[in-house]
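These notes concern the structure reproduced below.
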Amino acid sequence: MLSAKAQVGINILDPDSSAVLQLESTDRGFALPRLTTTQMNAIQNPLKSLMVYNTEDSLVRYWNGDCWLKTYQKTCTECEFVSSVNQGSAVIDRTTTDTAYFEVQITKLNGVDSITTVVLSSLPNGMQVIVENPKVDSFGITTIKVYANIWATPGNYPLIIQSVCGQNVYFQGVNVTVLPCLQVNIASPLTDVDLQSDFSLPGVGTPVCVIVHVFNNVDVSATTTNQYAMTWGNMDPLSHVGLLHEGFLIAKGGNGAALGNLLNLATPFQNGLPGGDALNLTCRTTFDLQGGVYGGGGGGGAVGTSLAIGPFNVPIIGQLGPFILLEAGVTGGGGVSGGIAQTASSSGGILLGPSLTDDGTDATVGPNAVPGVGGVLAYSIPLSLSASVVTITVTPFVSLDAGDGGSFGQQGGAASGSAGATVLATVQIPFIGNVNLINQTFSASLGLSQGGAGGDAIDINGNTTINLITPNFLIKGDVTP
Amino acid sequence: MIKNIFLISICLFTVSISYAFEGIITQVYTDVNTKEQKTFVWYISNDVVRFDIVSGEETVTILPDFKNLTLSYFGNKAGADGVNYYSTSSISEVKVNAPKLRVLEQTDSKYNDKDAKEVKLMSSEGLLVVQYLNTIPMNMKNMLTYFAESKEFQAISLVGDSGFPVSSVIMTNNEAIYTLTTKSIVEKSLSESIFKIPSNYKLFDPSTIK
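Those sequence lines, one after another, are chains W and F. The first sequence begins at 1 in my numbering and counts up one residue at a time. The second sequence begins at 1001 in my numbering and counts up one residue at a time.
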């Protein structure tokens, strides 16, 4: 039935006065033309408000004069996109990985605005979310990195990934699980600590995550310069150690140098011994340094001499010497902590004069240790000999200063000194007077040694370190890569 | 008168020539307190002197060179290289502590039945008595150029005489603390080589002491 009015009604006799066309049915619908997008776009000069059913996206569209709008769109440039996450959950073990990755794939369907992705979360200290490539213009991947350091509290942590473009918002939920680490507490003083063996931790082949807590004012020290105060030992190279250090890691100081052979100064004196190293890493390590890590100080150098006279061919006397007027030696001080000074002992040779020695002192021990002081010796007492009418006066001048022990991580002091003698031979002739036969000054050779090298604070051995800040007043000694 | 004076002068000259001495005088010096004893051997040929100090097997020889004002000395001990070394010093390099003497009296005396002179002097150490023979007519003023520490030479010089001391003693509280006695006086002709440094001796170089 069709009514002949200015209005058209189908299945209705009296179309509403506001409607040009009014359709009514209880069992049929109104069918728009069904076009593909290509067909839709091929319509020439479409009338504003022209409507079609797009068979590709199954949406009704209408021509607003500029574009074919979807019915829920307001403008031609209104943003429309889809988003998906590659996984719903991830695990951080802090051994093989500290980071979980989520990839958000974004495809923009319409509009000119970029799609921005943010993460909504409530994470504990030590965890961090980083959104990489947060803006996608048309198509791309936004990467969500969730990082947990070794100090983060283990647990399950949900995150909401929110992508926004204009009025459109897309939410996706994911979950991150942070696994716990093993815990080693050092609450009382220890020596020569091997983390793996002393605390029965898994060795090579089983990477683990371990937190080592050295308590406040607790000393972990080395008993020899060949030992570390603390080493991770035979831990698997892929393990991860977190060192929460509030105490002191104290390497052994090098011993002061001993005297060489005073009667054979051509043989070099040995240098002061090098200080030991404090901390040895054998796997990846995260630091939280609140206490000291001290390499050992090197031992001080030693110095010695012997004043040998002659043989000289001298009138009246004939042969003067050879004899050893005196010998003198001083030993180096010990490096901190606990470096020992050696006893300066005489050669046991036959001497015309004295055997002079002075020992260095030992270094004290502990975090406030003081280096040993090198021996010091000065001597200049003349010695007179008489032969026939000749009086020989030998005035030695000996000034020896052994090296002091090194402070933590520092090289021991080098020894220094000078020595020699003035030989005055006077002929005392009866009836005539005195005449000088010899008035010569000569210098003597010294046996000298250098101080030992300072020990390292930390030997990294090529392992990755996290939060190791140098220079650092808490670290005394080299940090070797 | 002038002729007589000339003749007397010739006689005196002849006498002095006849008094010139050439030979060897051996003396013993003793420090009573330390009992140190040394033998002094004087080789004299007119005014040329060699002075040897002998102690045990050691001999130190002093050769004054009055012309060059130097003093050479050497011993009989060879060096390690088997060579004997000598040294020569300028007389100005000699440090002298000359004795201070005051003449008390000079008298005639006898020494081994020979006419001798004796002079008593006061020294810083005590009474010094020196006997000397004019028959060994050494010019003591010249000798003092080298032997300035000799009490005996100065004693003879102080009395303005020439001669050679043959005995000397210093008395303190009537006890001798120093004596010089003559063991022998042998007049003989001496070879010139006695007054020279042996040709195989080498000059000592102090710079070799290093």
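Beta carbons are placed, not taken as given, at the ideal position from N, Cα and C, and that holds for glycine. Note that the structure is a prediction, hence the values are computed from the model and not measured.
- Interface with chain F (9 Å Cβ-Cβ cutoff): Asn261/W is excluded.
- DSSP, reduced to helix, strand and coil, places Lys135/W within a strand of the structure shown.
- Within 7 Å of the CB of Gly318/W, the CB atoms of chain F belong to Gly1075, Lys1077, Ala1078 and Gly1079, in sequence order along the chain.
- Those residues of the segment 293-312 of chain W placed with their C-beta closer than 7 Å to a C-beta in chain F are Pro311 and Phe312, ordered along the chain.
- Taking a contact as a CB-CB distance under 8 Å, the pair Val129/W and Ser121/W counts as one, their CB atoms being some 6 Å apart.
- The segment 89-98 of chain W and the segment 51-66 of chain W do not touch, with fewer than 3 CB-CB distances between them shorter than 8 Å.
- Residue state for Ser1157/F is assigned as helix, using DSSP reduced to three classes.
- For Met1138/F, the three-state secondary structure derived from DSSP is coil.
- The alpha-carbon separation between Phe248/W and Pro124/W amounts to approximately 29 Å.
- For Met1143/F, the CB contacts under 6 Å within the same chain, skipping 5 residues up- and downstream, are Phe1153 in chain order.
- The residues Gln1106, Val1130, Ala1155 and Val1159, in chain order, have a CB closer than 6 Å to that of Val1119/F in the same chain once the five nearest residues on each side in sequence are set aside.
- Per DSSP, Thr1034/F is not a residue of any beta strand (DSSP E), being assigned neither H nor E.
- In the three-state DSSP reduction, Gln1027/F falls in the strand class (E or B).
- Between Val193/W and chain F, the shortest Cβ-Cβ separation is not below 9 Å.
- The beta carbons of Val52/W and Arg28/W sit no closer together than 9 Å.
- A direct Cα-to-Cα measurement between Lys1095/F and Ile1024/F gives close to 28 Å.
- With three or more CB-CB distances shorter than 8 Å, the segment 271-286 of chain W counts as touching the segment 463-474 of chain W.
- Put simply, the backbone Cα of Leu474/W is about 26 Å away from that of Ala414/W.
- DSSP places Gln105/W in the uninterrupted beta strand (DSSP E) bounded by Thr99 to Asn110.
- Taking CB atoms only, Val314/W has a neighbour in chain F less than 9 Å away.
- Distance from the CA of Asn217/W to the CA of Asn133/W, rounded to the nearest whole angstrom, comes to 46 Å.
- Taking C-beta separations shorter than 8 Å and ignoring five residues to either side along the sequence, the partners of Gly260/W in its chain run Thr267, Pro268, Phe269, Gln270, Ala302, Gly304, Gly447 and Ser449, following chain order.
- The beta carbons of Leu307/W and Val390/W sit no closer together than 9 Å.
- Residues of the segment 416-427 of chain W that bring their beta carbon within less than 9 Å of a beta carbon in chain F comprise Val423, Ala425, Thr426 and Val427, in sequence order.
- Cβ-Cβ separation between Ile1209/F and Gln440/W: approximately 4 Å, consistent with a contact (criterion under 8 Å).
- Sixteen is the threshold: since fewer than 16 other Cβ atoms of the shown chains lie within 10 Å of the Cβ of Thr206/W, the residue is exposed.
- Excluding the 5 residues flanking it on each side, Thr177/W has same chain C-beta neighbours closer than 6 Å at Val91 and Asn156, in chain order.
- Straight-line spacing of the CA atoms in Ala425/W and Ile340/W works out to 44 Å.
- Interface flag for Leu1071/F against chain W is set, since a Cβ pair is found closer than 9 Å.
- Residue-level contact check: Val398/W does not touch chain F, since none of the beta carbons of chain F fall below 9 Å from its beta carbon.
- Beta bridge pairing from DSSP links Pro396/W with Ala421/W.
- Within the segment 145-183 of chain W, the beta strand (DSSP E) runs of at least 3 residues that lie entirely inside it are, in chain order, 155-165 and 168-178.
- Taking the Cβ atoms as the reference, Ser1089/F lies roughly 7 Å from Thr1070/F, within the contact range of under 8 Å.
- Inclusion of Val174/W and Ile144/W in the CB contact set at 9 Å is warranted, their separation being smaller than that value.
- For Met40/W, no beta strand (DSSP E) encloses it; the enclosing alpha helix (DSSP H) starts and ends at Thr37 to Asn41.
- Neighbours of Lys1038/F in chain W, taken as residues at a C-beta separation under 8 Å, are given in chain order as Pro430.
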